[in-house]
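Chains as they are written, first to last, in the working numbering: chain A, 1 to 108; chain B, 109 to 320.
Taking it in order: structure first as structure tokens, then the write-up.
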Amino acid sequence: MKKIFIATLLVVFFSPAFAVTSMKATVNGMVCAFCAQGIEKRISKMPATKAVYVDLKQKTVVVEPKEGMALDQKAIIEEVKDAGYDIVKVESVPKSVAELKAELVANK
Amino acid sequence: MKLWLVFIASLLLSFTAKAAPMGFKDSWMTMGDFSKTYRELTANYALTPRDAIGVTSTYMQTNNYSQSQLNNELTYTRLVKRWNMPEAQANIWFIGGVGETTGNYFGGTKATVSPGIQADYETTRLYASANARIYVADGITNNVVSARTGFSFYEANYDETQPWLIVEARRMSMVSTQYEVTPMLRLIHNRFFIEAGANLHGQPRLSFMYVY
């Protein structure tokens, strides 16, 4: 009985329904932290955004949604355009911003 | 006391630097540039990703204080063209002003216009820009031209402070026929941008930029 209970807990907490899917975008023109402020500020204001990570060296922006909410990719692309940049590639990755940040830092 | 603090804070947030002359859409930017011969305070608001309106006050004086001129203008900044590349960004800007000018070498207050253009190119390690602006009033024509280049000591990430060495050559026709060369240390950290240096005559210069 105990084993079944633990197995059930594991299935519940590690099932795909609980996995985070973040949006990872490759951005052209992002060369300066001062100028890239707009990306973080504008995307952070979006209702579904939980966290934003900007990586100048990898030219990458990662956006994590709030639990139970979906990111509007089209709107995020528009926000990046309004901040003055161009998105050239978008990927959905089953990781949180914290996980991706750790990965990107480790790859440097 | 509080008014003084607000005034001092406004000044500190307003010293200019000639990087991108406007922020992102719906942002305010304050800029300023302070030296013996040239002082500028600017605030603008980005209506669109490419257009900003604002106010600028520009004061120029000769080294011996014999001539000085103050321009107060409404400004319009337009991003004419931007190239976003994988490892670089390049821009062409139009910067124009309309307002009034006063000075100690002509009488009264005159209407003035000041169209200008800026081109810049930047990577995470290199920076170059050229800027030209002409200040025209009845019987008076002054121009300011400058070129900047520099490099970053190392490639920094978004949340790190990045130091740069920037050298500017600037000629202000009202001030002198000579080019003024100024090496400056530039520090960028998030929304703060500061430059400090001294020209080859030892005159200090301080620039700030802040976006919010």
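The beta carbon of each residue, even a glycine, is placed where N, CA and C say it ideally should be.
Only a predicted model underlies this, so the values are computations on that prediction, with no experimental measurement involved.
Check                                                                                                                                                                                           : Outcome
Can you name the residues that DSSP bridges to residue 155 of chain B?                                                                                                                          : DSSP output for residue 155 of chain B lists no bridge partner at all.
Kindly indicate which residue of A:101, A:76, A:32 has the alpha-carbon position closest to the one of residue 88 of chain A.                                                                   : A:76
Suppose you measure from the CA of residue 150 of chain B to the CA of residue 94 of chain A; what does that come to, to the nearest Å?                                                         : 45 Å
Could you give the distance in angstroms between the alpha-carbon of residue 73 of chain A and the alpha-carbon of residue 188 of chain B?                                                      : 27 Å
Who does residue 294 of chain B pair with in a DSSP beta bridge?                                                                                                                                : B:272, B:303
Return the CA-CA distance between residue 257 of chain B and residue 157 of chain B, expressed in angstroms with no decimal places.                                                             : 25 Å
Residues of chain D with CB closer than 8 Å to the CB of residue 36 of chain A, please, in chain order.                                                                                         : Protein chains A and B are contained in the structure displayed, whereas chain D is not.
Tell me, please, whether the segment 55 to 63 of chain A touches the segment 132 to 146 of chain B by the rule of three or more beta-carbon pairs shorter than 8 Å.                             : no
If you measure beta-carbon to beta-carbon, which residues of the segment 220 to 233 of chain B are closer than 8 Å to chain A?                                                                  : 230, 231, 232
So the alpha helix (DSSP H) residue 73 of chain A belongs to, where does it begin and stop?                                                                                                     : 73 to 82
Please tell me whether, using a cut-off of 7 Å, the distance from the CB of residue 263 of chain B to the nearest non-hydrogen atom of the ligand HEM is below it.                              : The ligand HEM is not part of this structure, which contains no ligands at all.
At what residues does the beta strand (DSSP E) containing residue 100 of chain A begin and finish?                                                                                              : Run containing residue 100 of chain A: none in the beta strand (DSSP E); it sits in the alpha helix (DSSP H), 97 to 107.
Does DSSP put residue 177 of chain B in a helix, in a strand, or in coil?                                                                                                                       : strand
Can you look up residue 40 of chain A in the DSSP assignment and give me helix, strand or coil?                                                                                                 : helix
When the Cα atoms are used, what is the spatial distance from residue 83 of chain A to residue 212 of chain B?                                                                                  : 43 Å
Could you name each continuous beta strand (DSSP E) segment of 3 residues or more that falls completely within the segment 239 to 264 of chain B, going from the start of the chain to the end? : 248 to 260
Could you list the residues in the segment 40 to 57 of chain A with a C-beta less than 9 Å from some C-beta on chain B, going in chain order?                                                   : 40, 41, 42, 53, 54, 55, 56, 57
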